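Numbering (the numbering used here), first residue to last: -12 to 279.
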């Protein structure tokens, strides 16, 4: 199937993009096109105007700052994956990107487009939830910065007005705050390598010099609505991770997720959420211990 007819509007600056959004009501932004174009081909999306921001070069960057990694909206997945600062201070993000689709998609897909789309089956959301970066949004007469937990509203829904553009995010560097070492990971279960996740879990664990967990963050995506597994976090905090606490955390995850399918398919996704939460916590814990 071919897309419905649309007018292509290339722009070279953020201001031009915002002006174009104001002038054309039925418009979509083209950042990387890896999600939008397939939707156009199947006519699930049929905008009259396509505002092409791929020429806005000052939005494609990954820069290290003192306490954060700043990522421009047009940074490609591979730009982020290969950045030394991301590998060192937000390794789970690099690990997440390595499991997205294939190289052509990772080379073309954009950070901003992926975050703004908020696809519940995508790999970014659990990582964004545990990292909780500061998101910068620019509009006709305003510029605002808000944490991801406020930017993300729900499936395919974010706090972004029709005439606004996500321009960048500041990813906090993962450094111990309550313990002596920190570890992180992203675990994904899919039918085949590169497929959309059936369950995706991001975990961050801090430990003290005795190997006791002082803090844990755990997010589960793709099963249903994005879920912060707070009871599972509480189950492992204050413990030295073992089979018993892992089982308790896995059970807590299964109790809190809401599968988007009923019957055996939903039960399977629920079970995989618990299993991969346990694997993620185990890996993050081991990585933290290896830094002691």
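The beta carbon of each residue, even a glycine, is placed where N, CA and C say it ideally should be. Computed from a predicted structure; not experimentally measured.
State the Cα-Cα distance for the pair residue 94 and residue 219, rounded to the nearest angstrom.
Here residue 94 is taken as the residue at index 107 of the chain shown, counted from 1. Here residue 219 is taken as the residue at index 232 of the chain shown, counted from 1. Roughly 35 Å between the two C-alpha positions.
Touch test, the stretch 114 to 132 against the stretch 38 to 48, Cβ-Cβ under 8 Å, three pairs minimum:
Here the stretch 114 to 132 makes no contact with the stretch 38 to 48; the two share fewer than three CB pairs at distances below 8 Å.
Would you check if the stretch 226 to 241 and the stretch 258 to 268 touch, i.e. whether three or more CB-CB distances between them fall below 8 Å?
Yes, since at least three Cβ pairs between the stretch 258 to 268 and the stretch 226 to 241 fall closer than 8 Å, the two stretches touch.
Go ahead and pull the three-state DSSP assignment for residue 198.
As a first step, residue 198 must be located in the chain shown, where it is residue number 211. It is coil, neither helix nor strand.
Would you call the stretch 58 to 68 and the stretch 163 to 170 in contact, with 3 or more CB pairs under 8 Å?
With the rule of 3 Cβ pairs closer than 8 Å, the stretch 58 to 68 does not count as touching the stretch 163 to 170.
May I ask you to report which of helix, strand or coil DSSP gives residue 193?
On the chain shown, position 206 is the one that residue 193 refers to. Three-state DSSP puts residue 193 in a strand.
Residue 233 to residue 221, Cα distance in whole Å?
In the chain shown, counting from the first residue as 1, residue 233 sits at position 246. In the chain shown, counting from the first residue as 1, residue 221 sits at position 234. Near 11 Å, if we compare the C-alpha coordinates of residue 221 and residue 233.
By Cβ distance, which residues of its chain are closer than 6 Å to residue 92, with the 5 residues on each side in sequence left out?
Numbered from 1 along the chain shown, position 105 holds the residue referred to as residue 92. Result list for residue 92: 21, in chain order.
Close Cβ partners of residue 76 (< 6 Å) along its chain, the five nearest in sequence each way excluded:
Stepping through the chain shown from its first residue, residue 76 is reached at position 89. The residues are 160, 161.
How far does the alpha helix (DSSP H) with residue 267 in it reach, from first residue to last?
Here residue 267 refers to the residue found at position 280 of the chain shown. Unbroken alpha helix (DSSP H) run through residue 267: 250 to 276.
Could you work out which residue in 188, 172, 227, 151 is closest to residue 3 when comparing CA atoms only?
Taking the chain shown and counting its residues from 1, one reaches residue 3 at position 16. Closest in C-alpha terms to residue 3, from the list 188, 172, 227, 151, comes 151.
Which whole-angstrom value describes the C-beta separation of residue 228 and residue 216, a residue pair presumed to lie in contact below a C-beta threshold of 8 Å?
As a working note, residue 228 is residue 241 in the chain shown. As a working note, residue 216 is residue 229 in the chain shown. In fact, because the Cβ distance is near 15 Å, the residues do not count as touching under 8 Å.
Nearest to residue 190 (by Cα), restricted to the options 211, 147, 247, 274
Residue mapping note: residue 190 aligns to position 203 of the chain shown, counting from 1. Per the C-alpha coordinates, the member of 211, 147, 247, 274 positioned closest to residue 190 is 274.
Starting from the Cα of residue 87, find the closest Cα among 176, 277, 13 and give me that residue.
Position 100 of the chain shown, counted from the first residue, corresponds to residue 87. Each of 176, 277, 13 was checked against the Cα of residue 87, and the nearest Cα belongs to 176.
Residue 96 and residue 47: beta carbons closer than 8 Å?
Within the chain shown, the letter at position 109 stands for residue 96. Within the chain shown, the letter at position 60 stands for residue 47. No.
Residues that DSSP places opposite residue 57 in a beta bridge:
Taking the first residue of the chain shown as 1, we reach residue 57 at position 70. 50, 157, per the DSSP bridge assignment.
Residue 19 and residue 109: beta carbons closer than 8 Å?
For the purposes of this step, residue 19 is taken as the residue at position 32 of the chain shown. For the purposes of this step, residue 109 is taken as the residue at position 122 of the chain shown. Not a contact, by the Cβ cut-off of 8 Å.
Per DSSP, which residues does residue 309 bridge with? Please list them.
Given a span of -12 to 279 for the chain in the structure shown, any question on residue 309 remains unanswerable.
Taking the alpha carbon of residue 236 as the reference point, which residue from 260, 247, 250 has its own alpha carbon closest?
Residue 236 sits at position 249 when you count from the first residue of the chain shown. Comparing Cα positions, the closest option is 260.
Looking at the strands, I want to know which residues DSSP matches up with residue -5.
Residue -5 sits at position 8 when you count from the first residue of the chain shown. Per DSSP, 37.
Classify residue 252: buried if its beta carbon has 16 or more other beta carbons within 10 angstroms, exposed otherwise.
The residue labelled residue 252 in the question sits at position 265 within the chain shown. In summary, residue 252 is exposed, with fewer than 16 beta-carbon neighbours lying within 10 Å of its beta-carbon over all protein chains present.
Return the residue from the list 70, -5, -6 that minimises the CA-CA distance to residue 49.
For the purposes of this step, residue 49 is identified with residue 62 of the chain shown, where counting begins at 1. Among 70, -5, -6, the Cα nearest to that of residue 49 is on 70.
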